[in-house]
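Please read the structure below before turning to the comments.
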Amino acid sequence: PGFKSGMEKPEMKGFFEYLNIDLEEGDLVFRLLDTSGDGVLTCEEFVTRGLRLQGPAKAIDFARFQLQYVDDMQELKSVVKSLRDDQARQMQQQSSRKRV
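Each residue of the sequence shown is one higher than the one before, starting from 3 at the first, in my numbering.
See the structure below:
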């Protein structure tokens, strides 16, 4: 029952064909459509997210994703460095207090 069995129905196959989405990617498609992460697809999730997945990715979309990924990784590295620096400062302060 559920999404996987629904993928076998002619209506679902036709809808996926209309959106130009490969049926072999069923599990991935389900995860991408289930924006709430609750394991249940609402009609709104299915339609709005399905339309966004329609068709092949354009080079500009992939390039945008790459740039966002690079930016996110730089920000993450900065946050990790800051946390490590704070931790090292705290350890140094604790060490200085113990000596006094």
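Quick reminder that beta carbons are idealized off the backbone N, C-alpha and C, glycines included.
Cutting at 7 Å between CB atoms, please list the residues of its own chain near residue i, excluding the five before and the five after it.
i	result
PHE18	LEU25
SER98	none
MET75	none
With the cut-off set at 8 Å, would you say residue i and residue j are in Cβ contact?
i	j	result
THR37	ARG51	yes
Rounded to the nearest angstrom, how far is the Cβ of residue i from that of residue j, given a contact under 8 Å?
i	j	result
GLY39	LYS6	Actually they are not in contact, since the Cβ atoms of GLY39 and LYS6 sit about 18 Å apart, beyond 8 Å.
LEU35	PHE48	6 Å
Residues in the same chain with beta-carbon distance under 6 Å from residue i, minus the five sequence neighbours each way, listed in chain order, please.
i	result
PHE32	PHE5
LYS15	none
In or out: residue i buried (at least 16 other Cβ within 10 Å) or exposed?
i	result
LEU85	exposed
LEU69	exposed
LEU78	exposed
Looking only at its chain, what residues have a beta carbon closer than 8 Å to the beta carbon of residue i, apart from the 5 residues adjacent to it on each side?
i	result
LEU43	PHE5, PHE32, LEU35, ASP36
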